Amino acid sequence: METNETKKLENLKKIIEKYFNTLNSDNNTSEFYTAQIKINYYELGCVITNMLKMCILTLENEGHIKSSTNKNPVNVSLILEMVLEMFPLNEFEFLGEINEMVVGDFEGCFRKRFFVKNSGFL
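Written out as structure tokens, the structure reads:
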């Protein structure tokens with residue numbers, strides 16, 4: 817009997833490994849999982865924008881309030897939490913630093929050329 821149960825558990829593990837691959841855990845004891853989506857930054861921006869628009873429309877039309885006509889209200893807080901998780905803040909910080917470097921160098925170069933040219937030293 818025990819070997820039969822062991823075989824069933826092994827088969828169940830194989831099935832789980834085959835189908836349950838959307839959520840990943842950093843360690844097996846964690847109750848939190850990570851879902852990966854494969855999109856580029858433009859698509860991510862569109863998804864975030866549309867989720868925010870959906871929240872605005874929901875709040876404007878009182879879709880977040882449970883009533884006799886709206887049995888399943890939209891959980892705006894949950895959507896906004898997801899948007900915060902998806903928001904690529906590190907990438908925006910990187911872009912900000914690159915922008916400072918490029919614009920700073922460009923402005924410095926522009927000032928040198930402008931002031932040198934207008935002061936008669938060229």
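Everything in the sequence shown is counted per this note's numbering, starting at 817 for the first residue and increasing by one.
Yeah, the Cβ is synthetic: ideal placement off N, Cα and C, and Gly gets one too.
Note that the structure is a prediction, hence the values are computed from the model and not measured.
Reduced DSSP category for residue i - H, G, I as helix; E, B as strand; rest coil
i      : result
ASN888 : coil
ASN837 : coil
Beta-carbon proximity of residue i to residue j, cut-off 8 Å
i      : j      : result
PRO904 : LEU868 : no
VAL863 : THR874 : no
THR838 : ALA851 : yes
TYR849 : ASN840 : yes
Other residues of its chain near residue i: CB distance less than 8 Å, five sequence neighbours each side excluded
i      : result
GLU807 : The structure shown does not extend to residue 807, since the chain spans only 817 to 938, so no value can be given for it.
ILE855 : VAL863
Contacting residues, own chain, Cβ-Cβ under 7 Å from residue i (five flanking each side not counted)
i      : result
VAL892 : CYS871, THR874, LEU875, HIS880
ASN886 : GLY879
Same chain only: Cβ atoms within 6 Å of residue i, ignoring 5 sequence neighbours per side
i      : result
GLU909 : none
ILE895 : MET867, CYS871
Note down, one range per segment and in chain order, each alpha helix (DSSP H) of at least 4 residues found wholly within the stretch 854 to 903. 857 to 876, 892 to 902
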